[in-house]
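Remarks on the structure that follows.
Protein chains: 2
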Amino acid sequence: MLLGDLTTPALVVDPGTLQHNLTAMAEALPGERLRPHVKAHKCTSLALRQREAGHRSFTCATIRECEGMAAAGLGEDLLLANEVLDARRLGALVEAGARITLAVDSEETIAAATSGGVREVLIDVNVGLPRCGCAPPDAGRLADLARARGLAVRGVMGYEGHVVGLEETAERIAGCTASMEILLAAHEQVGGSLVSAGGTGTYAINTWASEIQAGTYVLMDTAYERLGLPFRQAVFVVATVISSTDGYAVADCGLKALGMDHGNPSIAGSEVWFCSDEHVTFAPAAPLGSRVFVLPAHLDPTLALHERLHLVEGLADVLSAGAPAKDAEVLDTWPIDLRGW
Amino acid sequence: MLLGDLTTPALVVDPGTLQHNLTAMAEALPGERLRPHVKAHKCTSLALRQREAGHRSFTCATIRECEGMAAAGLGEDLLLANEVLDARRLGALVEAGARITLAVDSEETIAAATSGGVREVLIDVNVGLPRCGCAPPDAGRLADLARARGLAVRGVMGYEGHVVGLEETAERIAGCTASMEILLAAHEQVGGSLVSAGGTGTYAINTWASEIQAGTYVLMDTAYERLGLPFRQAVFVVATVISSTDGYAVADCGLKALGMDHGNPSIAGSEVWFCSDEHVTFAPAAPLGSRVFVLPAHLDPTLALHERLHLVEGLADVLSAGAPAKDAEVLDTWPIDLRGW
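Residue numbers (this note's numbering), protein chains in the order written: chain A, 1 to 341; chain B, 342 to 682.
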């Protein structure tokens, strides 16, 4: 199949850039120093490539992601970095042989872990992002409680999500330092070997965590692009120009193909005016029937909107040549198989 | 199954409110005066309810929506209100007995209709929204061209999408009037019986169009809620509170369960702070394990993120009582079966 044969909109990935990102991260954070977050791509075929790059432990955001990873043979060490109040589906995975570690931040989530059949937990600590995570002084008490209930406590988790996207490196370092001071203090009270934290924006800065939960690095988006990291844009939504005037053009890629919480997507050499359900309007005009490559502003919710992604040979060359190159070959198609809940 | 048994996040619909919306619209725009837009819900079970309310013609935004509607026996009169440059899948639907009318706005889209096997078209006219649609003076020429190529031209289409969301009724009336003057002038040049336009925001104002393409009215969202229309909020994303502190709570519904292009969702009686991939943080705090009902800011991309919706008996009563009422009964579950492309 050729690029020009794909029904648009379609997610396309450049295999060379993907490999560059995998290699760059594996060199910086080899093996279990990285616990790749699968929420970014929701694709077990891509997770398999991360394992081939040396990472055997993974981070998940939903029970469905844990189930899909275990079913794909990637359940060696899965962290559900999120709270649940019904852990029975996780207990079933443990029963079937997967290793599942669950984040807990309250008596209730500890009780859910126990009654659901989960055996290992991390104490999730609030390090500054007002989301999940216990108050730092409470971490030790919760760890004691978890152990008293028969759970193994593997350590702490604390996501500096309010810091990872800061564009100024100095601010990112300062924020990360402050968050990790909180997390290390909690770790002293909790014990265990794991200090799990971080993301693509702090993977090189966060030297305190024992493992980094980065996800976006592998495919990238325009939000993280601004940070000047060594990872490159590997994924695009390819769209077809379906209408064009003197001043602007419209392609068939809109709100149902793009995560929009970070704002409009980008098109190289063009100005994006706005998106509708199935359209992006941009200037200047472009030839009817030509293909445009739309860069998502936020990777994770974009991939959650697509059933599959396509690896396209030499896509980076197509893009740098500025040519549509409809005859570039589709090498492989991977289902985005961890969607839903 | 009970409301409390649903895996969260989940889309839930109040059947009484749905029926109210169906009835209110069918009274205002009976039969073929409304051509319901299925892009809003992407659900053939819901389209069937719209047909039971008297509407036998439907609007689609994608080829996939046309295919799914035809497969569900709802292909009596489908308008693809969008341009395509490859109409072969539509031609196959025509061949199989569906009635398909395709929007065209250029020589190239007319050629695509012809070569793809589509037999009927509307001339799509730009009435002020910089998206698809030909320049108004060009409509007659394109209609002549289409007829010369053997296509039946059923009339014109012109979507006043820049007007439908204006909160001031007077502005909405003025904008709609101006747009429809353009469309009616083009219709004089084009001929045919159809003048297809409008949306939920102009369904009562647009008295010029022969048919209105409203979609959101049937389930509603907070953006259209502000216009003071007679339609009520029928759909919510139900989420579980998974973390809670003195000052705020976190529920398991985020960017992958909500269309975010219109901004944050709402929770009655609460202030939404922000959404993450799988979380919404809001204040004040709420009991762990309780259910919250999240109102999407934009219906269409929200539904595109879910595999199914659930009809929950007496959901409106649950909401007005402010109680979680986990024992409300799930009456039916409808697949959102028109997703993808």
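Glycine is no exception: its CB is placed at the ideal position from the N, C-alpha and C atoms.
query	result
Can you have a look at Arg-172/A and say buried or exposed, based on whether 16 or more other CB atoms are within 10 angstroms of its CB?	buried
Give the residues of chain A in contact with Lys-667/B, contact being defined as C-beta atoms less than 7 angstroms apart.	What Lys-667/B touches in chain A: nothing, since even the nearest Cβ is about 12 angstroms away.
Please confirm whether Trp-614/B has its beta-carbon closer than 8 angstroms to some beta-carbon of chain A.	yes
With a threshold of 16 other CB atoms inside 10 Å of the CB of Gln-574/B, please say whether the residue is buried or exposed.	buried
Which residues in chain A have a C-beta closer than 7 angstroms to the C-beta of Glu-648/B? List them in chain order.	Gly-340
Is His-310/A close to chain B, meaning its C-beta is less than 8 angstroms from at least one C-beta of that chain?	no
Can we say the region 615 to 630 of chain B touches the region 533 to 542 of chain B, given the rule of at least three CB pairs closer than 8 angstroms?	no
Skipping 5 residues on each side, what residues in its chain have a beta carbon closer than 7 angstroms to that of Gly-409/B?	Thr-385, Asp-678 and Leu-679
Mapping DSSP to helix, strand and coil, what is Val-84/A?	coil
Taking all protein chains shown into account, decide if Thr-400/B is buried (16 or more other Cβ within 10 angstroms of its Cβ) or exposed.	buried
Closer than 8 angstroms between beta carbons: that is the criterion. Which residues of the region 370 to 382 of chain B meet it against chain A?	Lys-380
For the region 401 to 434 of chain B, which residues have a beta carbon sitting closer than 7 angstroms to at least one beta carbon of chain A?	Ala-402, Thr-403, Asn-423, Glu-424, Val-425 and Leu-426
With DSSP as the reference, please indicate the residues paired to Val-579/B in a beta bridge.	Ala-351/B and Phe-634/B
Would you verify that the beta carbon of Pro-642/B is, or is not, closer than 8 angstroms to some beta carbon of chain A?	yes
For chain B, is any of its Cβ atoms less than 8 angstroms away from the one on Arg-131/A?	yes
Run through DSSP, which three-state label would Ile-173/A get?	helix
For Cys-275/A, which beta-bridge partners are listed by DSSP?	Val-280/A
Can you confirm whether Ile-583/B, when its beta carbon is compared against all beta carbons of chain A, has any partner nearer than 8 angstroms?	yes
Whole alpha helix (DSSP H) runs in the region 455 to 498 of chain B with 4 or more residues, listed along the chain?	480 to 489
Please indicate yes or no: does the CB of Ala-627/B lie closer than 7 angstroms to some heavy atom of the ligand ADP?	Looking at this structure, you won't find the ligand ADP or any other ligand, since it has none at all.
Anything in the region 561 to 584 of chain B with a Cβ closer than 9 angstroms to a Cβ of chain A? List those residues in chain order, please.	Thr-581, Val-582, Ile-583 and Ser-584
Terminal residues of the continuous alpha helix (DSSP H) containing Ile-441/B?	Note, Ile-441/B: premise wrong, no alpha helix (DSSP H); beta strand (DSSP E) at 441 to 445.
Please report the straight-line C-alpha distance between Leu-525/B and Leu-255/A, rounded to a whole angstrom.	30 angstroms
Is the CB-CB distance between Leu-79/A and Leu-122/A below 8 angstroms?	yes
Would you say Ala-151/A and Ile-212/A are within 8 angstroms of each other, going by their C-beta atoms?	Contrary to the premise, residue 151/A reads as Leu rather than Ala in this sequence. In this structure, Ile-212/A does not lie closer than 8 angstroms to Leu-151/A by Cβ.
Could you give the DSSP three-state label for His-361/B: helix, strand or coil?	helix
Considering only residues of the same chain and omitting the five flanking positions on each side of Ile-205/A, which have a CB-CB separation below 7 angstroms?	Arg-172, Ile-173 and Cys-176
Threshold first: 3 residues or longer. Then list the beta strand (DSSP E) segments lying entirely within the region 174 to 217 of chain A, N to C.	194 to 197
Name the two residues that bound the continuous beta strand (DSSP E) containing Thr-400/B.	399 to 401
Restricting to Cα atoms, I'd like to know which of Ser-193/A, Ala-53/A and His-187/A is closest to Leu-20/A.	For the record, residue 20/A in the displayed sequence is His; it is not Leu. Minimum Cα distance to His-20/A is reached at Ala-53/A.
Using a Cβ cut-off of 8 angstroms (strictly closer), state whether Gly-116/A contacts chain B.	no
Name the one or two DSSP bridge partners that Trp-347/A has.	No answer is possible for residue 347/A: it lies beyond the span of chain A, which begins at 1 and ends at 341.
Interface residues of chain A around Pro-350/B at Cβ under 9 angstroms?	Trp-341
Hey, Lys-380/B and Ala-412/B are a contact pair by Cβ (cut 8 angstroms); roughly how many whole angstroms apart?	Actually they do not touch by this definition, with Cβ atoms about 17 angstroms apart.
Over the uninterrupted beta strand (DSSP E) stretch that includes Val-163/A, give me the two end residues.	Run containing Val-163/A: none; DSSP gives neither H nor E here.
Checking the sheet assignment: what are the DSSP bridge partners for Leu-34/A?	Ile-212/A
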